[in-house]
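A quick write-up on the structure given underneath.
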Amino acid sequence: MNKELFQSQLKMRRARQLAIQRGLISVLDVGSSKITCFVLSFDGPDEFKDSDGIGTMSGQSSFRIIGVATTRSRGVRFGEIESIHETERAIRTVVQASQKMAGTRVDHVVATFSGARPRSYGLEGRSELADGIVTDESISRVLASSEIPNIGVGREILHAQPVNFSIDNRSGLIDPRGQAGNTLSVDIHMLTVGSVAVENLLYCLQRCDLEVAGLVSSSYSSGMSSLVEDEQELGAACIDLGGGSTGISIFLKKHMIFSDSIRLGGNHITNDISHGLHVDFATAERIKTFYGGVLATGMDDKEVIDLRSDTGDWEHDSRSVSRADIIGIVRPRLEEILEEAKERLDVAGFNSLPSQRVVLTGGGSQLAGLDGLASKILGQQVRLGRPLRIQGLPQSATGSAFSSCVGASLFATSPQDEWWDFGIPASGYPVKSIKRVAKWFKENW
Amino acid sequence: MQPLSLKLNTRSEVDPAPSRINYRFQRLWLMRSFRLFIKWISPLFLCAAFICFCFTNEKTLSFFKFYSSNAIDSFVDRPELLIKLISIEEASQPLERIIRDTLPISLPISGFDFNLTNIREVIESLDAVKSVDVRVIAGGILKISVLERLPAFVWRNPKGLFLLDKEGAIVGEVLNRARRSDLPLVTGVGADVALTEITNLINLLKPIENRVIAYSRISEDRWDIVLDRSQKISLPSEKPELAVGQFLVLNQSENILDKKVERIDFRNKQRLTLTLRDNQINN
């Protein structure tokens, strides 16, 4: 584990801590089709009572959303920033609008993004317990003992979460500290992303005078928000059908154990409609959202949709198609996306999990009849997921398109322990520096 | 690829995003401390600085003083507030003249420029004035109501000839006894403090009123009644009324004053002493 990563991640942790002390943090979802910003206000746990109808679920009752803004995304493709200045302007727009709604200024931001080719690794560390008992120090040591595979050039670690501890033969320990044993081993789930995309995003945020308090993969955050607690515990996959890319994440025992992303999304469906019907992108988007579907019935043949355009050619401008035609365009692409997702899940070994639950979320999951199609491809336990309820979230932002942003809000308030939260073991420090300290003490005392 | 040099100036291409300056200013403005500074602290500071500048600069200060005194004058000198007339009531002609001469104001005068208590003190300090009521009434009139001391006696003492009221306060000076021949004459040091006694005596002595020249206080203790034809009645210091009563009875029965008596002395209660003129005891 390199020190630089530790430093940068711990710096973000400190920024997050500072923001929570101030009681204000913002969450930014940079997607391919829309950019959303939430402003979160921390009122403390006493603010809400049982009578408010909000129980303590996973810490989401300790904050409240006081500002929300969404804008059409610009300069983002496949969840990656392609035109920095365009994206920067879009970020400025949402941040300013949400600040205006909140009536206050936010300095810290937790950003989530879907692209940058995330790749999952399972790491294993093992170390002998020196004094037969597990301490914080031995956890740091076992984490440090895990061997980092070659993640490739130009990639960096986004998440590295210890998901399982085992002592000797006992596995599945949540918190091994204080337990006796001879060997402590740990399983770590590590997620790496392309560093260029991250750097571009950081550059945009820096240009907007925002300090980064955390970076989250959007497939992770949408899983956090749209899987309910028992699904996270028993094992489930979350498929986030975004605009430019589709995120996949598998949760087990409340930890994400796998994450991937397909570079296909809702925009491709729109693109297909645009190609197939010779209409512009905006019209195609409109047709998709109003008339899109996956299962054609006899009724759909009769439903005729006018394709309005203004080329001046009367024949061209007064065409019409039936809804069945549109379904005929949408369905193959959706099947392609879902089959790709199925393939990725199979590769990850989703079949061997005790529960085969699949939750579809993201803006693309709003297509009519998607659950029927998905259950044919992904198995019977498919449901459409919507993000958790959050205090203060306006109705317009409670849809499944906002699940990754809501998940990032949860991440901002109560992040899971990651590798860097456990500290570097003392043996990891260079011996020279300790010797130097000892020498200094000798000379001066 | 979009043209990189494209300026977003056509109406349909208006960028919804705020400019960086706009964005930064808005963020600044959303800071509570900045808002407080712009809205309250800096205006207050500017005002304070301006006032300090004005009051430390000699030129502006003198200009300010000049301007403010002008403004005050123009207000004070308004005709509505001027006092144009003094009306003195219940005072005799000479006293009125004296009051007008002594008043320390010249008409017309603004109501702000004089002090009523001061004027009252000045008028009350006059001998002939017992008490005074000074007030300004509508129409710019200063009304002075005087309660005058009325002269009741003429008092001759070593310093001169004075008029006294009933209580013995000096009302004024006269040059000549003849001018106030209507008033009884008292003489002697300390006569002014014993005037209540003499008032009684005068009432009793009504029958021989036209013969009395003066009531003379002797040794600040007792009275002598000085009559014409060089006659004199000496009264005791205690209960002079009884002695006068005795005298009147004596006079009525014996016409004692028509005898050649120079002095009738009642000082000794047991013994009336008559001093005869030129030893004419035989008559």
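Sequence lines, in order, name chains A and B.
Remember, the working numbering sits 43 above the position in the first sequence when you count from 1.
Remember, the working numbering sits 11 above the position in the second sequence when you count from 1.
Even for Gly, the Cβ is constructed at its ideal location relative to N, Cα and C.
Remember, it's a predicted structure, so these values are computed and weren't measured experimentally.
Exercise for review: Could you name the residues that DSSP lists as bridge partners for Glu254(A)?
Suggested key: His151(A)
Practice item. Report yes if the C-beta distance between Glu178(B) and Ala102(B) is below 7 Å; otherwise report no. Key: no
**Study point:** Within chain B, the residues that Ala133(A) reaches when beta carbons sit closer than 7 Å
**Key:** Ala28
Review point. Below 7 Å between beta carbons: does that hold for Val223(B) and Leu238(B)?
Key: yes
Point to revise | Ranges of the beta strand (DSSP E) found wholly within the region 218 to 297 of chain A, counting only runs of at least 3 | key: 226 to 237, 254 to 260, 279 to 284, 289 to 295
Exercise for review: For Lys385(A), I'd like the list of residues in its chain whose CB is within less than 6 Å of its CB, leaving aside the five on either flank, ordered along the chain.
Suggested key: Ile420, Leu421
Check your understanding: Which of the residues in the region 138 to 156 of chain A, read from start to end, lie with their CB under 7 Å from any CB of chain B?
Key -> Gln139, Gln142, Thr147, Arg148
Check your understanding: Just checking my contact of Gly74(A) with Gly285(A) at CB under 8 Å: how many whole Å lie between their CB atoms?
Key -> 6 Å
Check your understanding: CB Gly405(A) to CB Leu338(A), shorter than 7 Å?
Key -> no
Review point. Terminal residues of the continuous beta strand (DSSP E) containing Ser79(A)?
Key: Just to set this straight, residue 79(A) is Thr in the shown sequence, not Ser. That run of the beta strand (DSSP E) goes 77 to 85.
Point to revise | Boundaries of the alpha helix (DSSP H) in which Phe324(A) is found, first to last residue | key: 324 to 334
Exercise for review: Taking Arg117(A) and Arg132(A) to be in contact with their CB atoms under 8 Å, please state how far apart those CB atoms are, rounded to whole angstroms.
Suggested key: 7 Å
Practice item. Please go through the same chain and pick out, in chain order, the residues whose beta-carbon is closer than 7 Å to the beta-carbon of Pro115(B), but skip the five residues on each side of it. Key: Val133
Check your understanding: If you draw a straight line from the alpha carbon of Gly309(A) to that of Glu328(A), how long is it in whole angstroms?
Key -> 9 Å
Review point. Shorter than 7 Å from the beta carbon of Thr136(A) to some beta carbon of chain E?
Key: The structure shown has no chain E; the protein chains it does contain are A and B.
**Study point:** chain A contact for Tyr34(B) (CB, 7 Å cutoff)
**Key:** yes
**Study point:** For Ser361(A), three-class secondary structure by DSSP
**Key:** strand
Point to revise | Any 3 or more C-beta pairs closer than 8 Å across the region 236 to 250 of chain A and the region 141 to 156 of chain A | key: yes
Check your understanding: Who are the near neighbours of Met144(A) in its chain, counting only those whose CB is closer than 6 Å to its CB and skipping five residues on each side?
Key -> Gly110
**Study point:** Contact with chain A by Arg38(B), beta-carbon distance below 7 Å
**Key:** yes
Check your understanding: Where does the unbroken alpha helix (DSSP H) through Val133(B) begin, and where does it stop?
Key -> 127 to 135
Review point. Any idea what DSSP makes of Lys385(A), helix, strand or coil?
Key: helix
Check your understanding: Which residues does DSSP pair with Trp234(B) in a beta bridge?
Key -> Arg228(B)
Check your understanding: Hey, out of Val480(A), Trp483(A), Asp460(A), whose CA is closest to Arg56(A)'s CA?
Key -> Asp460(A)
Exercise for review: For my contact list, Val255(B) and Leu216(B) are in at a C-beta cut-off of 8 Å; report their separation, rounded to the angstrom.
Suggested key: 6 Å
Check your understanding: Mind checking whether Thr235(A) and Ile200(A) have CB atoms under 7 Å apart?
Key -> yes
Point to revise | Residues that DSSP places opposite Phe36(B) in a beta bridge | key: The partner list for Phe36(B) (beta bridge, DSSP) is empty, contrary to what the question assumes.
Review point. Three-state secondary structure (DSSP) at Ser101(A)?
Key: At Ser101(A) the pLDDT is 46, less than 50, meaning the model places this residue with poor confidence; the figure from the coordinates comes in the next sentence. If DSSP states are grouped into helix, strand and coil, Ser101(A) belongs with coil.
Check your understanding: Can you tell me the Cα-Cα spacing of His321(A) and Asp283(A), whole angstroms?
Key -> 28 Å
Review point. How about the region 166 to 186 of chain A and the region 266 to 281 of chain A: do they share at least three Cβ pairs that are nearer than 8 Å?
Key: no
Review point. Should Thr114(A) and Thr130(A) be called a contact, given that it needs their Cβ atoms to be closer than 7 Å?
Key: no
Check your understanding: When you compare only the Cα positions, how much space is there between Gly146(A) and Arg35(B)?
Key -> 15 Å
Practice item. Look up Trp462(A) in the DSSP assignment and say whether it is helix, strand or coil. Key: helix
Review point. Quick one: what does DSSP say Trp51(B) is sitting in, helix, strand or coil?
Key: helix
**Study point:** C-alpha gap between Glu69(B) and Phe75(B), whole angstroms
**Key:** 10 Å
Exercise for review: Pair every Cβ in the region 476 to 484 of chain A with every Cβ in the region 436 to 453 of chain A, then say whether three or more of these pairs are closer than 8 Å.
Suggested key: no
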